[in-house]
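Just so we're aligned, residue 5 is where the sequence shown starts under the numbering used here, counting upward by one.
For each residue, glycine too, the CB sits at the ideal point set by N, CA and C.
One structure is given below, encoded as structure tokens.
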Amino acid sequence: MRAILVYADKYRMEASAMSDYVELTNTKTMMATLFKDGVAVTTYKMETCDRCSGIRQFDKGGYVVSDPKENMVWFCKECR
Numbered sequence: 005m006r007a008i009l010v011y012a013d014k015y016r017m018e019a020s021a022m023s024d025y026v027e028l029t030n031t032k033t034m035m036a037t038l039f040k041d042g043v044a045v046t047t048y049k050m051e052t053c054d055r056c057s058g059i060r061q062f063d064k065g066g067y068v069v070s071d072p073k074e075n076m077v078w079f080c081k082e083c084r
């Protein structure tokens with residue numbers, strides 16, 4: 005019985021500290037939706053960084069071509 009009470013107190017404490025914004029990313033379609041208080045605010049494209057392999061919000065300035073014979077690669081803001 006004591007473990008359940010401790011868990012409930014911990015959950016209540018964490019829930020009150022949560023922010024109003026939540027981002028959900030669908031890795032199959034690489035689209036993310038930003039929610040504020042449970043209401044969808046915006047939807048945007050996500051991309052996988054070719055350097056760090058992190059999934060980040062897509063921006064067109066991240067394309068890099070090192071050699072014309074090679075394919076273009078995309079870097080996130082942190083890796084540029």
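- Nearest in C-alpha terms to SER57, of all of TYR25, ASP24, GLU82, VAL26, is GLU82.
- Listed in chain order, the non-local C-beta contacts of ILE59 below 6 Å within the same chain comprise MET50, THR52, local neighbours out to five positions each way being set aside.
- For PHE62, the closest alpha carbon among the candidates MET35, VAL26, TYR25 is that of MET35.
- For VAL45, the uninterrupted beta strand (DSSP E) segment begins and ends at 43–52.
- Boundaries of the beta strand (DSSP E) harbouring GLU27: 25–30, taken from the DSSP string.
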